[in-house]
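Protein chains in written order, with UniProt numbering: chain A, 1 to 89; chain B, 1 to 161.
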Amino acid sequence: MEAILEQYLEDTMKNPSTAGVLCTDSQWLNLGCLGTLSDERAGVISVLARQAAKLTSDPTDIPVVCLELDDGNIRNTMASHWQCTKWPL
Amino acid sequence: MGCCYSSENEDSDQDREERKLLLDPSSPPTKALNGAEPNYHSLPSARTDEQALLSSILAKTASNIIDVSAADSQGMEQHEYMDRARQYSTRLAVLSSSLTHWKKLPPLPSLTSQPHQVLASEPVPLSDLQQVSRIAAYAYSALSQIRVDAKEELVVQFGIP
Numbered sequence: 001m002e003a004i005l006e007q008y009l010e011d012t013m014k015n016p017s018t019a020g021v022l023c024t025d026s027q028w029l030n031l032g033c034l035g036t037l038s039d040e041r042a043g044v045i046s047v048l049a050r051q052a053a054k055l056t057s058d059p060t061d062i063p064v065v066c067l068e069l070d071d072g073n074i075r076n077t078m079a080s081h082w083q084c085t086k087w088p089l
Numbered sequence: 001m002g003c004c005y006s007s008e009n010e011d012s013d014q015d016r017e018e019r020k021l022l023l024d025p026s027s028p029p030t031k032a033l034n035g036a037e038p039n040y041h042s043l044p045s046a047r048t049d050e051q052a053l054l055s056s057i058l059a060k061t062a063s064n065i066i067d068v069s070a071a072d073s074q075g076m077e078q079h080e081y082m083d084r085a086r087q088y089s090t091r092l093a094v095l096s097s098s099l100t101h102w103k104k105l106p107p108l109p110s111l112t113s114q115p116h117q118v119l120a121s122e123p124v125p126l127s128d129l130q131q132v133s134r135i136a137a138y139a140y141s142a143l144s145q146i147r148v149d150a151k152e153e154l155v156v157q158f159g160i161p
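Rendered as structure tokens:
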């Protein structure tokens, strides 16, 4: 029943600029992860996205969280009740 | 007359009164240039009005102002001074003991030693933001398609004759 989601995650990974993708639900449960992101990161990243969503009262606004590290960026978007994290190279 | 505060509205009484102090409408400017006499009579009255105005302003300011240096201070004896100092320090100690938990909080981490460089750096490209938002939207639609496919009966009957 999750075949469509898994297929989509694999299609996302085909993008050369994506190093990892993580999908969680509203309770920070990992629904699918590929690439350099593992399910251990699901909790932390989903909490970041959830806190970012609190900054705006517009429910249609999708906040994008950017974490800058010395070696790369993590970009995170939250859409309604779930989150998808994309880690670019 | 074209000044910044001039308007076509009717002047209030106060405005008319203020304007009278400086310009006497009874003596037009052309006559004042030729003969000093008409001006001579209006000038002392304008001056006394000005003096009255200035003195009223001075009196108002003097009543409002508090001159700290002119107030005579009551001399305090040494022991009284020490008592008061001790009293204040004990009060401060009581108050500061309740504030110690603020001192124990760790300071915010300094993320970088060059904040202006970090803030002036290039922002995240819009194409990347759009791409990530698009991925999130598509994945949300894929998530909504998760459903249970019932292929078999859950409860089956064994072939017991």
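Even glycine gets a Cβ: it sits at the ideal position worked out from N, Cα and C. Model, not experiment: these values are computed from the prediction.
So does residue i have its beta carbon nearer than 7 Å to some heavy atom of the ligand ADP?
| i | result |
| --- | --- |
| B/Q78 | Inclusion of the ligand ADP in the displayed structure is not the case, the ligand content being empty and no account of it being possible. |
Ends of the alpha helix (DSSP H) at residue i?
| i | result |
| --- | --- |
| B/A136 | L126 to S144 |
| A/L9 | A3 to M13 |
| B/S96 | Q78 to S98 |
Among the options, which residue has its Cα nearest to the Cα of residue i?
| i | options | result |
| --- | --- | --- |
| B/R134 | A/G43, A/Y8 and A/E2 | A/Y8 |
| A/D11 | A/V44, A/G32 and A/S57 | A/G32 |
| A/I62 | B/K151, B/A136 and B/I66 | B/A136 |
| A/S26 | A/S17, A/A42, A/G20 and A/T18 | A/A42 |
| A/N3 | B/E152, B/V156 and B/S141 | In the sequence under discussion, the amino acid at residue 3 of chain A is Ala, which differs from the Asn named in the question. The candidate whose alpha carbon is nearest that of A/A3 is B/S141. |
| A/N15 | B/A52, B/D128, B/K151 and B/K60 | B/D128 |
Does the Cβ of residue i have 16 or more other Cβ atoms within 10 Å, making it buried, or fewer, making it exposed?
| i | result |
| --- | --- |
| B/G75 | exposed |
| A/T60 | exposed |
| B/Q117 | exposed |
| B/L154 | exposed |
| A/T56 | exposed |
| B/L143 | buried |
| A/T18 | buried |
| A/A53 | buried |
| B/S45 | exposed |
| B/G35 | Interpretation of B/G35 is limited by its pLDDT of 44, a score under 50 that renders its predicted location unreliable; no figure is taken from the coordinates. |
| B/S121 | exposed |
If residue i sits next to residue j, beta carbons under 8 Å apart, how far is it from one beta carbon to the other, in whole angstroms?
| i | j | result |
| --- | --- | --- |
| B/V148 | A/M1 | 6 Å |
| B/I146 | A/L5 | 6 Å |
| A/C23 | B/A139 | 6 Å |
| A/V44 | A/L34 | Incorrect: roughly 18 Å between the Cβ atoms, too far for contact. |
| A/V64 | B/V132 | 6 Å |
Counting along the chain, where does the beta strand (DSSP E) carrying residue i start and finish?
| i | result |
| --- | --- |
| A/T56 | Neither: A/T56 is in no beta strand (DSSP E) and is coded neither H nor E. |
| A/A19 | T18 to T24 |
| B/L119 | Premise fails: B/L119 lies in the alpha helix (DSSP H), P115 to L119, not in any beta strand (DSSP E). |
| A/L31 | N30 to G35 |
Do the stretch 112 to 132 of chain B and the stretch 30 to 38 of chain A touch if we need at least three Cβ pairs shorter than 8 Å? no
contact_flag[the stretch 41 to 60 of chain A, the stretch 141 to 160 of chain B] where n(CB pairs < 8 Å) is 3 or more: no
Under 7 Å (Cβ pairs) to chain D, residues found in the stretch 114 to 145 of chain B: This model lacks chain D altogether; the protein chains it does include are A and B.
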